[in-house]
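*Asks:*
Numbering (this note's numbering), first residue to last: 400 to 803.
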């Protein structure tokens, strides 16, 4: 209880930083109750002196301030070039263009009033390749220690790589910066960080077609973006859950590799969480993986729950074809590798929606993602049964992915 009280005092300080009064408000009481239950999340809702909505996490003794599409990690103090002990930060931000293609910003070092200030390092996109290392003043570069014009020019292409997948197989690599002739530019476009083509639209318009990974992975990105927006903009709605939908390319690239390479692929994709040892299961209430196994699509959810005095992991498999347990053995083993050798794992099989043919596993995977997204904002009851069908999801995807 002493530990909880200390955390409660820390919470009061956070609320004061946010501009709240010292008086123990109802929301502060709720925070204390969360701490008393050993919940790792410290939440601050609706600061009266700011329009910013955020949540504070405390994971592995690192405080993380999360806002929409942005993370600020408070790291340990380090001695700077002047010999002073200065707090270090890691700042991650993603911005989206009109087609929801991401642009990443990563910075590590000293900060002042939310700006880069002091000594720090900026990186090319979401990578560990240094773009600039040196002094900053109020967000601007003061002096350059590492500067290479050609590398900066190349970076415009390097970090916009597009992987084209067909039936779980990598068939081509393109760069968003690659020159295209006028005809090709009308046939191919980039949306949700996926290369979409007229072929994808024809698949969505015609019956008896097989979904490509471009379609499914674009939808996974769309739902993640929507959930992030819902979570922070609807912050008063405590029933909103934070969820992450990961693309099929992750498992496709991990499937035939050993444990160390699997972890490396996973960690490179989630590089912003390196300071908490990639424990994203403490950030998101549910994490979803789209799987393409033997030319068949299905969805997997992993979540962590506290039962009595210990945490258990729950894996739920959403499949439109009934398979025996052994079919999922390889997938579960990979999940165990990614999440530090899962213990106390409970597996649930969800066969609520079964396909009636050999080609609709892709649409049903997207439908299961949609139902899980709707559940996260507690409006699943608004989704009428008539909307739970292949034709409806194909139309939704067509309107979402068409070139506008």
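Note that beta-carbon positions come from the ideal geometry of N, C-alpha and C, so glycine has one too.
1. Please confirm whether residue 690 and residue 697 have their CB atoms less than 8 Å apart.
2. In whole angstroms, give me the CA-to-CA distance for residue 595 and residue 683.
3. Cβ of residue 644 within 8 Å of Cβ of residue 622?
4. Tell me whether the region 758-766 and the region 707-721 touch, counting them as touching only if at least three CB pairs, one residue from each stretch, are closer than 8 Å.
5. For the beta strand (DSSP E) containing residue 476, name the first residue and the last one.
6. Taking C-beta to C-beta, are residue 489 and residue 618 nearer than 8 Å?
7. With the cut-off set at 8 Å, would you say residue 467 and residue 476 are in Cβ contact?
8. From what residue to what residue does the beta strand (DSSP E) around residue 514 run?
9. Once you ignore the five residues that flank residue 363 on each side, which residues in its own chain have a CB closer than 8 Å to its CB?
10. Straight-line CA distance for residue 533 to residue 510?
11. Examine chain D for any beta-carbon lying closer than 8 Å to the beta-carbon of residue 735, and answer yes or no.
12. Residue 624 and residue 800: beta carbons closer than 8 Å?
13. Thinking residue 531 and residue 540 are a contact (beta carbons under 8 Å), I'd like their distance in whole angstroms, please.
14. Is residue 515 closer than 8 Å to residue 482 when the C-beta atoms are compared?
15. Just how far apart, CA to CA, sit residue 656 and residue 724?
16. Verify whether the separation of the beta carbon atoms of residue 787 and residue 765 is less than 8 Å.
17. Select from 519, 502, 499, 498 the residue whose C-alpha is nearest the C-alpha of residue 485.
18. Here's the rule I'm using: 16 or more other beta-carbon atoms within 10 Å means buried, otherwise exposed. How should residue 555 be labelled?
19. Looking only at its chain, what residues have a beta carbon closer than 6 Å to the beta carbon of residue 670, apart from the 5 residues adjacent to it on each side?
20. Whose C-beta lies closer than 7 Å to the C-beta of residue 528 among residues of the same chain, with five residues either side of it excluded?
21. So if DSSP puts residue 494 in a beta bridge, which residue, or which two residues, is it bridged to?
22. Between which two residues does the alpha helix (DSSP H) carrying residue 628 extend?
23. Going by DSSP, what residue range makes up the alpha helix (DSSP H) through residue 460?
24. Pick from 591, 472, 704: whose alpha carbon is nearest that of residue 499?
25. I'd like the list of long-range same chain contacts for residue 599, defined as Cβ closer than 7 Å, with 5 residues on each side in sequence excluded.
26. With 16 other CB atoms within 10 Å as the buried threshold, where does residue 688 fall?
27. Any idea if residue 794 is buried or exposed, counting beta-carbon neighbours within 10 angstroms, 16 or more meaning buried?
28. Buried or exposed, going by whether 16 or more other CB atoms sit within 10 Å of the CB of residue 771?
29. Do residue 458 and residue 465 have their C-beta atoms closer together than 8 Å?
30. Only counting the same chain, and skipping five residues up and downstream in sequence, which positions put a Cβ closer than 6 Å to that of residue 663?
31. Please report how far the alpha carbon of residue 633 lies from the alpha carbon of residue 639, in whole angstroms.
32. If I measure Cβ to Cβ from residue 469 and keep anything under 6 Å in the same chain, skipping five residues before and after, which residues do I get?
33. Taking the alpha carbon of residue 692 as the reference point, which residue from 726, 763, 681, 503 has its own alpha carbon closest?
34. Please classify residue 753 as buried or exposed, where buried requires at least 16 other C-beta atoms within 10 Å of its C-beta.
35. To the nearest angstrom, how far is the alpha carbon of residue 790 from that of residue 707?
36. Within 10 angstroms of its Cβ, does residue 798 collect 16 or more other Cβ (buried), or is it exposed?
*Replies:* Working from what's here:
1. Along the chain shown, one-based indexing puts residue 690 at 291. Along the chain shown, one-based indexing puts residue 697 at 298. The criterion of a C-beta distance shorter than 8 Å is satisfied by residue 690 and residue 697.
2. For this step, residue 595 is matched to residue 196 along the chain shown. For this step, residue 683 is matched to residue 284 along the chain shown. When rounded, the distance between both Cα atoms is 28 Å.
3. Within the chain shown, numbered from 1, the residue matching residue 644 stands at position 245. Within the chain shown, numbered from 1, the residue matching residue 622 stands at position 223. Remark: C-beta atoms of residue 644 and residue 622 approach each other more closely than 8 Å.
4. The region 707-721 and the region 758-766 touch, with three or more beta-carbon pairs separated by less than 8 Å.
5. In the chain shown, counting from the first residue as 1, residue 476 sits at position 77. DSSP places residue 476 inside the beta strand (DSSP E), whose first and last residues are 469-478.
6. The residue you call residue 489 lines up with position 90 of the chain shown. The residue you call residue 618 lines up with position 219 of the chain shown. In this structure, residue 618 does not lie closer than 8 Å to residue 489 by Cβ.
7. Mapped onto the chain shown, residue 467 falls at position 68. Mapped onto the chain shown, residue 476 falls at position 77. Their beta carbons are not under 8 Å apart, which means residue 467 does not touch residue 476 by this criterion.
8. One-based indexing of the chain shown puts residue 514 at position 115. Unbroken beta strand (DSSP E) run through residue 514: 514-522.
9. Examination of residue 363 is not possible in this model, given that the chain is present from 400 through 803 alone.
10. Locating residue 533 in the chain shown gives position 134, counting from the first residue. Locating residue 510 in the chain shown gives position 111, counting from the first residue. Rounded to the nearest whole angstrom, the CA to CA distance from residue 533 to residue 510 is 13 Å.
11. Included in the structure is just one protein chain, with no chain D present.
12. Looking up residue 624 in the chain shown gives position 225. Looking up residue 800 in the chain shown gives position 401. No.
13. Numbered from 1 along the chain shown, position 132 holds the residue referred to as residue 531. Numbered from 1 along the chain shown, position 141 holds the residue referred to as residue 540. Confirmed, Cβ separation roughly 6 Å.
14. Translated into positions along the chain shown, residue 482 becomes position 83. Translated into positions along the chain shown, residue 515 becomes position 116. Taking a C-beta distance under 8 Å as the contact criterion, residue 482 and residue 515 do not qualify as a contact pair.
15. As a first step, residue 656 is located in the chain shown; it is residue number 257 there, counting from the start. As a first step, residue 724 is located in the chain shown; it is residue number 325 there, counting from the start. The C-alpha of residue 724 is placed about 22 Å away from the C-alpha of residue 656.
16. The sequence position of residue 787 within the chain shown is 388, counting from 1. The sequence position of residue 765 within the chain shown is 366, counting from 1. In this structure, residue 787 sits away from residue 765, with a CB-CB distance that is not shorter than 8 Å.
17. Your numbering for residue 485 matches position 86 in the chain shown. Distances from the CA of residue 485 to each of 519, 502, 499, 498 were compared; the closest alpha carbon is that of 519.
18. Start at 1 with the first residue of the chain shown, and residue 555 comes out as number 156. Note on residue 555: pLDDT 47, under 50, position unreliable in the model; the coordinate value appears next. Sixteen is the threshold: since fewer than 16 other Cβ atoms of the shown chains lie within 10 Å of the Cβ of residue 555, the residue is exposed.
19. Here residue 670 refers to the residue found at position 271 of the chain shown. The residues 525, in chain order, have a CB closer than 6 Å to that of residue 670 in the same chain once the five nearest residues on each side in sequence are set aside.
20. As a position in the chain shown, residue 528 is number 129, starting the count at 1. If we look at residue 528 and ignore the five residues flanking it on each side, its Cβ neighbours are 522.
21. Residue 494 sits at position 95 when you count from the first residue of the chain shown. Answer by DSSP bridge pairing, in chain order: 502.
22. For the purposes of this step, residue 628 is identified with residue 229 of the chain shown, where counting begins at 1. Residue 628 -> alpha helix (DSSP H) spans 612-632.
23. Within the chain shown, residue 460 is the residue found at index 61, counting from 1. Per DSSP, residue 460 belongs to no alpha helix (DSSP H) and is neither H nor E.
24. For this step, residue 499 is matched to residue 100 along the chain shown. Looking at 591, 472, 704, the one whose alpha-carbon comes closest to that of residue 499 is 591.
25. Taking the first residue of the chain shown as position 1, residue 599 is located at position 200. Hits under 7 Å: 611, 613, 614, 800.
26. Translated into positions along the chain shown, residue 688 becomes position 289. It is buried - the Cβ of residue 688 has at least 16 other Cβ atoms within 10 Å.
27. Here residue 794 refers to the residue found at position 395 when the chain shown is read from its first residue. Here residue 794 is exposed. Its C-beta has fewer than 16 other C-beta atoms within 10 Å.
28. Reading the chain shown from its first residue, position 372 is the one you call residue 771. By the neighbour-count criterion, in which a residue is buried when 16 or more other Cβ atoms sit within 10 angstroms of its Cβ, residue 771 is buried.
29. Here residue 458 refers to the residue found at position 59 of the chain shown. Here residue 465 refers to the residue found at position 66 of the chain shown. Result no, Cβ atoms of residue 458 and residue 465 do not sit closer than 8 Å.
30. Against the chain shown, residue 663 aligns to sequence position 264. Result list for residue 663: empty, nothing under 6 Å.
31. The residue labelled residue 633 in the question sits at position 234 within the chain shown. The residue labelled residue 639 in the question sits at position 240 within the chain shown. Cα to Cα, the separation comes out at about 8 Å.
32. Here residue 469 refers to the residue found at position 70 of the chain shown. Answer for residue 469: 492, listed in chain order.
33. For this step, residue 692 is matched to residue 293 along the chain shown. Considering only alpha carbons, the answer is 726.
34. Walking along the chain shown from the start, residue 753 turns up at place 354. Here residue 753 is exposed. Its C-beta has fewer than 16 other C-beta atoms within 10 Å.
35. The residue given as residue 790 occupies position 391 in the chain shown. The residue given as residue 707 occupies position 308 in the chain shown. One C-alpha to the other measures close to 44 Å.
36. For the purposes of this step, residue 798 is taken as the residue at position 399 of the chain shown. Residue burial is scored here from C-beta neighbours: residue 798 has fewer than 16 other C-beta atoms within 10 angstroms and is therefore classed as exposed.
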